[in-house]
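For reference, the structure discussed in these notes is given below.
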């Protein structure tokens, strides 16, 4: 079963949606949002994306649990490449605290409906989105992920065989606002850049000698609607080169007013 450049991050490209956003802190005359509704985590919500660049095809991502079905507010999101067999998919696990964040904490990969791989990093969650009473705004940033011991099978570009695991040190920034065209509507979207380093961890080598490599992935997010584009990159001799672009082509989430 095919994997995107970084399965564990790209899988949550779908659904972090919210209500009207404005400037953080003072509101600047804007209405406060319903923070509990910032992420429309209803069971059976789906988002379908077209892949272009180094990979083509379509992928559909669907919320398969009621909110709070699993422990501690966890939910699973099923990711299925539309030309793969029905039993080949992977589930990502998130936590929506309904206050100010959505976190990504685990992944399971299935073939023929049988789980082949599983990993959980709930002690060191990846913070996919943060907001306040006024939503998000250009210039917002947060420490997204500082973790070690991530299995190498999650990486689409495989490290050398002697590498035992991967580490990540990422920050997120709401870098810009852009227009996104969907169903004859022009939607205002927020470009969120995740940048930092991935570390190749080798238990036979002093950690001070582990090698770091630049990493980047960009999410484009529309409040009350979801992720509409995801741009992945590969590190080629220190330069971040665009590889796979995922673009929203269909969803059952209504276009915001």
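Residue numbers (this note's numbering): 7 to 263.
Each residue gets a CB set at the ideal place from its N, CA and C atoms; glycine is no exception.
All figures in this text were calculated on a predicted structure; none of them were measured in a lab.
Where residue i and residue j are concerned, what is the direct C-alpha to C-alpha distance, given to the nearest angstrom?
i           : j           : result
residue 168 : residue 207 : 9 Å
residue 152 : residue 203 : 10 Å
residue 249 : residue 129 : 31 Å
residue 49  : residue 258 : 11 Å
residue 42  : residue 239 : 32 Å
residue 244 : residue 222 : 11 Å
residue 29  : residue 134 : Here residue 29 scores only 39 on pLDDT, less than 50, and its place in the model is too uncertain to base an answer on.
residue 6   : residue 212 : Residue 6 falls outside the range modelled here, since the chain spans only 7 to 263, and no answer is possible.
residue 144 : residue 235 : 17 Å
residue 124 : residue 114 : 4 Å
residue 263 : residue 61  : 33 Å
Consult DSSP for residue i and reduce its assignment to one of helix, strand or coil.
i           : result
residue 166 : coil
residue 127 : coil
residue 216 : coil
residue 244 : coil
residue 137 : coil
residue 158 : helix
residue 183 : strand
residue 62  : coil
residue 54  : strand
residue 42  : helix
residue 47  : coil
residue 85  : strand
residue 142 : coil
residue 256 : strand
residue 262 : coil
residue 236 : strand
residue 67  : strand
Which whole-angstrom value is the C-beta distance of residue i and residue j, which I expect to be below 8 Å?
i           : j           : result
residue 194 : residue 55  : Going by Cβ atoms, the distance from residue 194 to residue 55 rounds to 20 Å, so no, they are not a contact pair.
residue 89  : residue 63  : 6 Å
residue 198 : residue 225 : 5 Å
residue 155 : residue 205 : Not a contact, Cβ separation roughly 11 Å.
DSSP beta-bridge partners for residue i?
i           : result
residue 101 : 80 and 109
residue 221 : 202
residue 153 : 174
residue 227 : 196 and 233
residue 36  : Paired residues: none, contrary to the question.
Within 7 Å of any Cβ in chain C, is that where the Cβ of residue i sits?
i           : result
residue 130 : In the displayed structure, chain C is absent; only one protein chain is listed.
Specify whether the segment 172-190 and the segment 227-241 touch according to this definition: at least 3 beta carbon pairs, one from each stretch, less than 8 Å apart. yes
Check whether the segment 175-186 touches the segment 138-157, counting contact only when three or more Cβ pairs, one atom from each stretch, lie closer than 8 Å. yes
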